[in-house]
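**Student:** Chains A and B supply the protein sequences, listed in that same order. So for the first sequence, our numbering puts the first residue at 3; every next one is plus one. So for the second sequence, our numbering puts the first residue at -18; every next one is plus one. Ideal Cβ placement from N, Cα and C applies to all residues, glycine included. Dropping a structure here in structure tokens format, bear with me for questions.
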Amino acid sequence: MNHSEEAVEKILAALRNAEAPSEMNLRILRTLQRQDAIHSQRKSAPAWLSLSGTRSFAFGAAFAGLFVVALFVPALFRMKPHHAAAPENTTASLQPARAPSSPQAQVSSAPRVQTPQRPKGHKTGTARREDSQLLEAMHAPSRPAPPLPLTEQEKLLIGIAHRGDPQQLAMLNTQLRLRQENEEKADFQNFFEPPASGEKQ
Amino acid sequence: MALSPIKEDAWSEADLAVLVQAYSTLLFRVAHSILRNPAEAEDVVQDVFVRVLQHRRSLPAVRDLRVWLVRIAWNLALDRTRRVRPEQWDELFIESLAGSNLPADQAMQATQRMQSVLRELERLPKPERHALLLSAIDELGTAEIAEVMGRSESAVRALLFRARTRLKDRLEKGERR
């Protein structure tokens, strides 16, 4: 017998006499016990679910339900902005025009969310934009939105309030401003159009 | 069948424990002959008994439980070779065989020889390789090997003869080179 044959026999003998790892049987039995426990738990499930036909029917029904939901949810989302936009517009129209009665009121008024003006005649484009906006809103973290940047008028008002110039502050009061304007007008008229009696003098 | 016939609906944990005790070593050797790794072979044995547990109701219909179990182990081990190449364990396997009392140069030669044997074994045609590996397990006779492989006994004998001859020729050619 040459070396190669010896090597072959040695390998076959090693395969023949391979010893199973210690406690293999114990591990296998433990696994089987676990499997058996799982199996018996499944058995204790409702009988109607254990039937293969009803189970497949239940799965089918659940799948159909999911399919219907998946179909209708985007459609609902598309319809929602139209309904949601209407009350906002009505509230906006019902609100009285902002009268700058006091500077504090002007400053403390929260900035309003401006709904974008949609051009007519581009329904698919707008629908897609709405969808994307809704998706963004849906994925956005649920915390209050940051305030919008101030308008130029609001910035001017804040500037006046901070400087505290009494004349400028007084000008914000409509009645005072009107009185001031009337006085100025009267002065102007007095200067350029003196009364006829004075002219004669 | 070595065990007493098991009546329908009379399966218990004790029966399963007896089955594990009786066949685990044989199934381990069957899986190990293909995978050449003890951990992988143990996984296969475990899978076999899990399947037994799952199909315990159909067990009384099994004609020869021993061959049935060997066939499951064999198929599971073959299936595992698609994910785990047995060649990657060869080094460890050969290390476990190498004699520690040999001088370093001889030990190296022996290791190389065994490596080439395993390489050539893997290169054999599949039926020949399978017949040779199954024949290495003492507990299996030719009739049982034939049943596991789904061939006749004479075909298995022929495969075994061809496998040995081919392996010898190839190894000799390799030595001459």
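1) Which stretch, first to last residue, makes up the alpha helix (DSSP H) that contains residue 155/B?
2) So what's residue 184/A in DSSP terms, helix, strand or just coil?
3) Using beta carbons (cut-off 8 Å, strictly below), is residue 90/A in contact with chain B?
4) Check this for me: beta carbons of residue 151/B and residue 101/B, under 8 Å apart or not?
5) Establish whether the CB of residue 130/A and some CB of chain B are separated by less than 8 Å.
6) Can you give the Cα-Cα distance for residue 12/A and residue 18/A, rounded to whole angstroms?
7) Taking only the alpha-carbon atoms, compute the straight-line gap between residue 90/B and residue 31/B and give it to the nearest angstrom.
8) Any chance the region 83 to 98 of chain B sits against the region 108 to 116 of chain B, with 3 or more Cβ pairs inside 8 Å?
9) What residues of chain A sit near residue 6/B, judged by a beta carbon separation below 7 Å?
10) Within 8 Å of any Cβ in chain B, is that where the Cβ of residue 75/A sits?
11) For residue 23/B, count neighbouring C-beta atoms within 10 Å of its own C-beta (all shown protein chains included) and say buried if the count is 16 or more, exposed if not.
12) My parser needs the alpha helix (DSSP H) runs of 4 or more residues fully inside the region 35 to 119 of chain B; what are they?
13) How would you label residue 65/A, buried or exposed, when you count the other beta carbons within 10 angstroms and need 16 or more for buried?
14) Taking 8 Å as the threshold (beta carbon to beta carbon), is residue 40/A in contact with chain E?
15) From the DSSP output, in three-state form, read off residue 204/A for me.
16) Can you check which of these residues, 15/B, -3/B, 52/B, is closest to residue 35/B by C-alpha distance?
17) Residue 9/A by DSSP, collapsed to three states: which one?
18) Below 8 Å CB to CB, which residues in the same chain sit around residue 88/A once its five sequence neighbours on both sides are set aside?
19) Using a 10 Å radius around the Cβ and a threshold of 16 neighbouring Cβ atoms, would you call residue 13/B buried or exposed?
**Tutor:** The structure says:
1) 134 to 157
2) DSSP places residue 184/A in helix when its eight states are reduced to three.
3) Only weak support is given to the placement of residue 90/A: the predicted model assigns it a pLDDT of 46, under 50, and the question is left unresolved by the model.
4) Yes. Within cutoff.
5) no
6) 10 Å
7) So the two alpha carbons sit approximately 42 Å from each other.
8) no
9) Taking the beta carbon of residue 6/B as reference, the chain A residues within 7 Å of it are 22, listed in sequence order.
10) Among the residues facing chain B, residue 75/A is not included, as its CB has no counterpart in that chain under 8 Å away.
11) buried
12) 46 to 61, 71 to 78, 85 to 104, 107 to 116
13) The residue is exposed, with fewer than 16 neighbouring Cβ atoms inside 10 Å.
14) You won't find chain E in this structure, because its protein chains are A and B.
15) Outside the modelled stretch of chain A, which goes from 3 to 203, sits residue 204/A, for which no answer is possible.
16) -3/B
17) Residue 9/A: helix per DSSP, three-state reduction.
18) Note that residue 88/A scores 46 on pLDDT, short of 50, meaning its location in the model is unreliable and no value can be drawn from it.
19) buried
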